[in-house]
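Under the working numbering, the first residue of the sequence shown carries the number 107, and numbering increases by one thereafter.
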Amino acid sequence: MDHLRYSGLPFEEQRAAFLGIIATDPLIGETLARVRDLALPDWLMVSGALYNSVWNHLTGKPPGYGIKDVDLFYFDDADLSYEAEDAVIRRAALHFAGLALPVEVRNQARVHLWYPEK
107 MDHLRYSGLP
117 FEEQRAAFLG
127 IIATDPLIGE
137 TLARVRDLAL
147 PDWLMVSGAL
157 YNSVWNHLTG
167 KPPGYGIKDV
177 DLFYFDDADL
187 SYEAEDAVIR
197 RAALHFAGLA
207 LPVEVRNQAR
217 VHLWYPEK
């Protein structure tokens with residue numbers, strides 16, 4: 107196992123390796139194919155699904171191993187209400203039904219509202 111095989115490469119080669127690994131992961135691929143249809147503003151796939159998919163590839167683990175969900179962030183400051191975000195979450199739940207793992211969608215424009223003022 108050579109899990110550090112990309113560590114000394116220039117950034118662009120590391121980036122190409124990352125994108126190549128992610129492109130071959132079935133869970134990531136299906137999620138990315140479906141998320142486009144949601145038309146979320148400024149969305150990103152983040153966190154564990156990405157780094158665990160790379161780690162699984164580098165260490166010979168099966169796709170999806172150790173991944174509990176897929177996190178999608180979007181940024182929409184047009185309506186910061188809970189109801190607006192909840193409507194997107196509900197729409198996404200229906201849209202991603204049938205995937206092997208749940209997809210959690212959150213509006214990053216609302217992060218400051220998650221925590222009470224100190």
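Beta carbons are placed, not taken as given, at the ideal position from N, Cα and C, and that holds for glycine.
Residue i vs residue j beta-carbon contact at 8 Å
i            : j              : result
glycine 172  : asparagine 158 : yes
alanine 215  : leucine 186    : yes
tyrosine 180 : tryptophan 149 : yes
leucine 207  : lysine 174     : yes
valine 209   : leucine 178    : yes
Boundaries (first-last residue) of the beta strand (DSSP E) holding residue i
i            : result
tyrosine 180 : 176-180
valine 194   : It is not in any beta strand (DSSP E) - valine 194 instead sits in the alpha helix (DSSP H) that spans 188-201.
Cβ separation of residue i and residue j, assumed to be a contact under 8 Å, to the nearest whole Å
i          : j           : result
valine 176 : alanine 155 : 4 Å
Boundaries of the alpha helix (DSSP H) in which residue i is found, first to last residue
i           : result
leucine 164 : 154-165
Through-space distance from residue j to residue i, alpha-carbon basis
i              : j             : result
alanine 239    : threonine 165 : Nothing in the structure corresponds to residue 239, since the chain is present only between 107 and 224.
proline 116    : alanine 193   : 42 Å
asparagine 213 : glycine 126   : 28 Å
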